[in-house]
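See below for the structure under consideration.
Protein chains in written order, with our numbering: chain V, 12 to 257; chain L, 20 to 449.
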C-alpha cells in the first residue's frame with residue numbers, strides 16, 4: 012500500500028508558543044487515520060497545515076507526492092478540508108452553497124453537477140436544500156459541510172472534529188458516511204477528542220498531546236501495548252495524566 | 020476568471036441581505052419623507068406671513084405702511100383700539116408671527132423729520148431654520164416701507180433731487196473671477212449656488228465610505244468566525260481572486276448604496292432649498308454661473324465619479340486589511356474606528372476651511388490622507404484645477420494598489436488566520 016501522507020518533523024510555533032513540535036507520521040492510501048488528543052493538543056493546527064491553510068514553521072509534508080508548501084495549489088486540487096465547527100454562507104441556500112463550492116473545485120464542466128448531486132444525496136436534506144443555510148440545525152449544517160467536503164471525491168479528506176457537538180443520531184450518520192467513503196477509496200485524516208468514536212472509526216490512531224505525538228498504531232495494538240480497556244486509558248497512560256473520578 | 024465571477028456573485032449575495040437592505044431603504048425613505056415635509060413647509064413659509072398690526076395713529080402714512088407690508092408678503096391683521104398685550108394674546112392664538120405697533124403721532128413725527136419707532140413683537144415658537152424665515156419677512160417688509168417713506172420725504176424736501184444718489188451714494192457692481200473667466204454677478208449668489216449643488220457630495224461620500232468599510236471588514240471577520248474562509252482558502256482557488264472578489268463585490272454594493280443615498284439626499288436637498296433656490300436662481304445668475312464655467316460637464320462628471328469611486332476603493336482596501344485582524348464581527352467594528360478618523364478629518368476640514376491656506380505641514384498631512392482627494396474633487400473641478408484632481412486620482416490609484424498588495428500578501432500567508440485583535444471579554448472574565 013502506498014503512502015498518501017508523509018509528515019516529517021512538522022512544527023508550528025506562534026512566537027514562543029509551540030503548537031506542534033516536530034511530529035512525524037505516515038498515512039497509507041484508503042486509510043482512516045485519526046489524531047486524538049485533548050483540546051489544545053495540536054490536532055487542529057496539524058490538520059490546518061496539511062490543508063495548506065497554515066504554513067509550517069519547519070518540517071515537511073508530502074501528500075500523494077506533492078509538497079504542501081511548494082505545490083500548495085496542486086495539493087488543494089486533491090484534498091478537501093472540513094474545519095472544526097465550520098459554518099456555511101448563511102445567506103445562500105444549501106443548493107447554492109454546494110454549487111458554489113463545486114465551482115471552486117470544478118472547471119465549468121458537467122462534473123460540477125455530478126459533485127452537487129452526490130453531495131445532495133449524502134446530506135439527505137432533500138427539499139430543505141432549497142432553504143437558506145441560516146435556517147438549518149447544527150446537525151443539518153454539519154451534514155451539508157461533510158457532503159461538501161467529500162462531494163469532489165478527494166483523494167484525501169481532512170476532517171477536524173467531524174462530529175463535534177452533534178447528537179448521537181447525527182454523529183452516527185456522519186461516521187457511517189466517512190466509513191463508506193473510505194471503503195470506496197478515499198483516504199481520511201481526522202481528529203477528535205472523542206476517543207471512543209475514533210476507536211470505532213479509525214484504521215490507525217496517533218495520540219497527540221502538547222504538540223507531540225506519543226504513539227501511533229491501531230486501536231487494538233495500542234490497547235494491548237498499554238494493557239488498556241479503551242483508547243482513553245491508553246491516552247492517560249501515555250500522557251501520565253491522572254483520571255479524575257467523578 | 021470564471022471562479023472570480025462566481026466569487027463576486029457569492030460576495031454580493033452575502034452582502035445584499037435583508038439586514039443590509041432594510042436600513043438602507045429606511046434611510047432613503049426618511050430622506051424622502053423629510054424632503055417632502057421640508058418642501059411643504061418651505062412652500063408655507065413663502066406664502067404671506069400673518070402679522071397683527073396695531074395702528075394707534077390711523078393716519079394716511081400708517082395706512083401706507085400697512086399697504087407696503089401687504090405688498091411684501093405680509094398678511095395684515097389690523098387692530099386700532101386694542102391694548103398691545105391683548106393683541107399679542109390674540110396673535111398667539113391665531114398663530115400669527117409678529118405684532119407691529121404703529122405709535123400715535125407716527126405721521127406728524129415723520130413729517131417733522133423725527134424718526135418714529137414701530138414696535139415689533141416677534142412671536143418665536145421655534146428656533147428652526149424655517150421658523151426664522153417669518154421674522155425675516157417682517158424685516159424685509161419694514162425695510163421696503165422705510166424706502167418708500169424716505170422717498171416721499173425726499174420728494175417733499177427736494178422734489179428735483181436724484182433719490183438714488185441721495186439714499187445710496189456708493190453703489191457696487193460685482194464681478195466674480197474664476198481662473199481666466201469673469202462674470203458680472205454677486206459672489207454670494209455664486210457661493211449659494213455652488214453650495215446647493217455640491218453640499219450633498221461629501222455627506223454621501225462620508226456615509227458610503229463608512230458603510231463600505233464596515234461591509235467588507237465585517238464580511239472578512241464573519242468568514243473567519245464561521246471558518247468559511249478556511250474552507251475557501253483550502254480549495255483550489257487563487258487567493259488573489261478571493262481578495263479581488265471581496266473588493267469588487269463590496270465596491271459594487273457600495274456603488275449601489277451611493278446611488279440610493281444620492282437619490283434620497285437629492286430629494287431632501289430639493290425639499291429644503293428647492294423653491295427658494297429656483298426663485299433665487301434667475302436667468303441672469305444661471306448665465307453668470309455658466310460664464311464662469313461653474314457647471315459640471317460630462318467629462319467633469321466622469322472625473323468626479325472616478326475620484327469618488329477610487330476613494331471608496333481606497334477605503335475598502337484599508338478595511339480589508341483591518342478586517343484581517345478581526346477575529347469576529349464585533350472586533351471588526353472596533354477596528355474600523357481608525358479609518359473613520361481618516362474620513363472625518365478631511366470631511367470637516369474641507370467643509371470649513373480652504374486647504375490651500377493651511378500651513379505646509381498640515382496641508383501635506385491632509386493631502387496624505389487618501390480620502391481628502393474625493394472631498395476636494397468637486398470644488399477643484401468647478402474651479403478648473405484639473406491638475407490637483409489628476410494628482411489626487413494618481414495618489415488614490417497608488418494607495419489602492421499598495422493596500423491591495425498588502426491585503427493579498429496577508430491572504431496568501433497564514434497571517435489571515437493568525438493576526439488577531441479581539442475587543443470582547445478578556446480571558447478569565449465572566
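Cβ atoms here follow ideal geometry from the backbone N, Cα and C, with glycine treated the same way.
Between residue i and the rest of its own chain, which residues show a CB-CB distance below 7 angstroms, the 5 nearest in sequence each way excluded?
i                      : result
residue 173 of chain V : 93, 157, 185, 189 and 201
residue 71 of chain V  : 19 and 78
residue 91 of chain L  : 159, 160 and 163
residue 408 of chain L : 322, 326, 396, 399 and 400
residue 245 of chain V : 218, 233, 234, 237 and 239
residue 55 of chain V  : 95, 171 and 202
residue 250 of chain V : 220 and 225
residue 51 of chain L  : 283 and 286
residue 227 of chain L : 273, 276, 277, 280 and 331
residue 225 of chain L : 362 and 366
residue 163 of chain V : 91, 116 and 126
residue 182 of chain L : 170 and 173
Considering Cα atoms alone, identify which of the options is closest to residue i.
i                      : options                       : result
residue 205 of chain V : V/232, V/241 and V/225        : V/241
residue 434 of chain L : L/343, L/411 and L/383        : L/343
residue 142 of chain V : V/126, V/111 and V/106        : V/106
residue 177 of chain V : V/159, V/160, V/152 and V/167 : V/152
residue 84 of chain L  : L/289, L/122, L/196 and L/260 : L/122
residue 46 of chain L  : L/377, L/223 and L/330        : L/223
residue 416 of chain L : L/381, L/237 and L/334        : L/334
residue 288 of chain L : L/35, L/38, L/57 and L/48     : L/57
residue 410 of chain L : L/314, L/425 and L/393        : L/393
residue 31 of chain V  : V/43, V/59, V/37 and V/179    : V/59
residue 75 of chain L  : L/215, L/264, L/347 and L/100 : L/100
residue 120 of chain L : L/241, L/102, L/376 and L/113 : L/102
residue 123 of chain V : V/51, V/159 and V/13          : V/159
residue 25 of chain L  : V/165, V/65 and V/103         : V/103
With DSSP collapsed to three states, give me the class of residue i.
i                      : result
residue 255 of chain V : Caution applies to residue 255 of chain V, whose pLDDT of 43 falls short of 50 and renders its modelled position unreliable; the value that the coordinates give is listed next. In the structure shown, residue 255 of chain V sits in coil (DSSP, three-state: anything other than H, G, I, E or B).
residue 115 of chain L : coil
residue 184 of chain V : helix
residue 318 of chain L : helix
residue 392 of chain L : helix
residue 43 of chain V  : strand
residue 146 of chain L : coil
residue 32 of chain V  : strand
residue 69 of chain L  : strand
residue 238 of chain V : coil
residue 59 of chain V  : helix
residue 75 of chain V  : coil
residue 50 of chain V  : coil
residue 101 of chain V : coil
residue 203 of chain V : strand
residue 232 of chain L : helix
residue 177 of chain V : coil
residue 90 of chain V  : strand
residue 265 of chain L : helix
Which residues in the same chain as residue i place their Cβ atom closer than 6 angstroms to its Cβ, once the five residues preceding and following it in sequence are excluded?
i                      : result
residue 267 of chain L : 27
residue 118 of chain L : 71, 106, 107, 110 and 140
residue 295 of chain L : Low per-residue confidence applies at residue 295 of chain L: pLDDT is 47, beneath 50, and the placement is therefore not dependable, though the value from the model is reported in the following sentence. The answer is none, since no qualifying residue turns up.
residue 98 of chain L  : 73 and 106
Across which residues does DSSP place residue i in a beta bridge pair?
i                      : result
residue 228 of chain V : V/216
residue 101 of chain L : Partner(s): none; residue 101 of chain L has no beta bridge.
residue 198 of chain V : V/167
residue 14 of chain V  : V/39
residue 196 of chain L : L/201
residue 95 of chain L  : L/70
residue 22 of chain V  : V/69
residue 120 of chain L : L/73 and L/138
residue 53 of chain L  : None, per the DSSP bridge assignment.
residue 110 of chain L : Its beta-bridge partners do not exist; DSSP assigns none.
residue 427 of chain L : Answer is none; residue 427 of chain L lacks a bridge partner.
Closer than 8 angstroms by C-beta to residue i: which residues in its own chain qualify, once you throw out the five before and the five after it? Chain order, please.
i                      : result
residue 166 of chain L : 186
residue 28 of chain V  : none
Closer than 9 angstroms between beta carbons: that is the criterion. Which residues of the stretch 50-72 of chain V meet it against chain L? For chain L, the residues of the stretch 50-72 of chain V that bring a beta carbon within less than 9 angstroms of one of its beta carbons are 59, 60, 62, 63, 64, 65 and 66, in chain order.
Check each residue of the stretch 36-47 of chain L: if its Cβ is closer than 7 angstroms to any Cβ of chain V, include it; give the result in chain order. Taken in chain order, the members of the stretch 36-47 of chain L whose beta-carbon sits within less than 7 angstroms of a beta-carbon on chain V are 36.
In chain order, what residues of the stretch 401-433 of chain L put their CB closer than 8 angstroms to some CB of chain V? Answer in chain order: 432 and 433.
Mind checking the stretch 251-284 of chain L against chain V and listing, in chain order, the residues whose C-beta falls within less than 9 angstroms of any C-beta there? Residues 251, 252, 253, 254, 255, 256 and 257.
Listed in chain order, which residues of the stretch 78-89 of chain V have Cβ atoms closer than 7 angstroms to some Cβ of chain L? Against chain L - using a Cβ distance shorter than 7 angstroms - the residues of the stretch 78-89 of chain V are 84, 87 and 88.
Using a Cβ-Cβ cut-off of less than 8 angstroms, give me the residues of the stretch 328-348 of chain L that come near chain V, in sequence order. Within the stretch 328-348 of chain L, no residue qualifies.
Using a Cβ-Cβ cut-off of less than 9 angstroms, give me the residues of the stretch 118-143 of chain V that come near chain L, in sequence order. Cβ proximity to chain L below 9 angstroms picks out 118 and 119 from the stretch 118-143 of chain V.
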